[in-house]
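Have a look at the structure below, then the notes.
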Amino acid sequence: MKSYEKLLKNNKEWSAEAIKNDPDVFKRLAEIQTPEFLWIGCSDSRVPADRITGTQPGEIFVHRNIANMVVHTDINLLAVLEYAVNFLKVKHIIVCGHYNCGGVKAAMSSHNYGIINKWIRNIKDVYRTHRDEIDYQTKEEDRLDKLIELNVQEQVLNLAKTSIIQKCWKNEQRPYLHGWVYNLEDGLIKPLCEMSHADHLDPLYEFDDL
Ligand code: CO
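Residue 1224 is where the sequence shown starts when you use my numbering, and the numbers rise one by one after that.
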């Protein structure tokens, strides 16, 4: 059997098992999705959003890219965010990074990754913004861990800078923004930070005409 054929076989088994446990599951899911969460995570294959959070189909709306970035010119991210906030009306947005992230590691090196440089540049900017706090760590692996955590916090802040979030915060007490980091070595998530409508943003990023 070819490697990809295994996936199709697994799928048949998974579908049959799901129907056995809940005969109407797909009928129900096909009609509507009402997820409470938007997950912005890394594309890394070892960090599957639903598996590590024990969520079922229909519970979590997912966007993944290299190093879980919120880049304000990324139309893909913005479309997902707009849809999740204004149509699905999610209550919580989770930015989840992970230790030993290859994207963040690449940003700490001087290696030329070609087209990927353009994406990684955004992580280098986080490093530059927090250089003192990162370089304060004497060990290379501690510097990487620190940048991974600060990068998550910076992406939460990037969400708060968008007019999509600010407009929703002006009218409703949602969404709550969460910054988490996942540990590949023990499978555990550590919460790092939170932001909500009650928090104040640097006035430089606040819109007054929403
Ligand atoms: Co990663």
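Every residue gets a Cβ at the ideal spot worked out from N, C-alpha and C, and that includes glycine.
Small disclaimer: the values here were computed from a predicted structure and weren't measured.
Could you give the residue range of the alpha helix (DSSP H) that holds residue i?
i     : result
F1310 : Counting along the chain, F1310 falls outside any alpha helix (DSSP H), and DSSP gives it neither H nor E.
V1349 : 1340-1352
G1326 : 1325-1331
I1263 : No alpha helix (DSSP H) contains I1263, which is instead part of the beta strand (DSSP E) from 1260-1265.
V1248 : 1248-1254
V1294 : Segment: none, V1294 is in no alpha helix (DSSP H) and carries neither H nor E.
Q1177 : Nothing can be reported for residue 1177, as the shown portion of the chain is limited to 1224 through 1433.
Y1335 : One point to set straight first is that residue 1335 is Asn, not Tyr, in the sequence displayed. N1335 -> no alpha helix (DSSP H), and no H or E assigned at all.
T1276 : 1272-1276
E1228 : 1226-1244
Q1389 : 1386-1394
Does the beta-carbon of residue i have 16 or more other beta-carbons within 10 angstroms, so that it is buried, or is it exposed?
i     : result
W1262 : buried
Y1359 : exposed
L1400 : buried
W1392 : buried
L1300 : buried
I1255 : exposed
N1381 : buried
E1377 : buried
F1310 : exposed
A1302 : exposed
L1304 : buried
E1364 : exposed
Y1405 : buried
E1408 : exposed
G1402 : buried
E1236 : exposed
E1372 : buried
Please go through the same chain and pick out, in chain order, the residues whose beta-carbon is closer than 8 Å to the beta-carbon of residue i, but skip the five residues on each side of it.
i     : result
M1224 : K1232
K1312 : R1397
G1410 : I1275
D1422 : A1383
Excluding five sequence neighbours on each side, which residues of the same chain lie with their C-beta closer than 7 Å to the C-beta of residue i?
i     : result
A1330 : I1343, I1346, K1347, Y1350
T1374 : One point to set straight first is that residue 1374 is Asn, not Thr, in the sequence displayed. For N1374, where only same-chain residues beyond five positions count, the Cβ hits under 7 Å are A1290, G1320, V1327, I1346, V1349.
L1367 : V1327, K1328, M1331
P1258 : G1281, E1282, I1283, F1284, L1311, V1313
S1386 : F1430, L1433
Along the beta strand (DSSP E) that carries residue i, what are the first and last residues, could you check?
i     : result
K1413 : 1412-1418
E1288 : Reading the sequence as shown, one finds Asn at residue 1288 and not Glu. Its beta strand (DSSP E) spans residues 1283-1288.
V1318 : 1315-1321
V1404 : 1399-1405
With a CB to CB cut of under 6 Å and the five nearest residues on each side skipped, what residues in its chain are close to residue i?
i     : result
R1287 : G1264, S1266
K1390 : L1433
H1420 : W1392, Q1396
A1307 : L1261, F1284, V1313
I1412 : W1403, Y1405
*Touch check for the segment 1275-1283 and the segment 1335-1344: three-plus C-beta pairs under 8 Å?*
no
*Does the segment 1269-1277 come within contact of the segment 1245-1255, defined as at least 3 CB pairs closer than 8 Å?*
no
*Could you say if the segment 1293-1310 and the segment 1237-1247 meet the contact criterion of at least three C-beta pairs nearer than 8 Å?*
no
*Listed by chain order, which residues have C-beta atoms less than 6 Å from any heavy atom of the ligand CO?*
C1265, D1267, A1290, H1321, C1324, G1325, G1326
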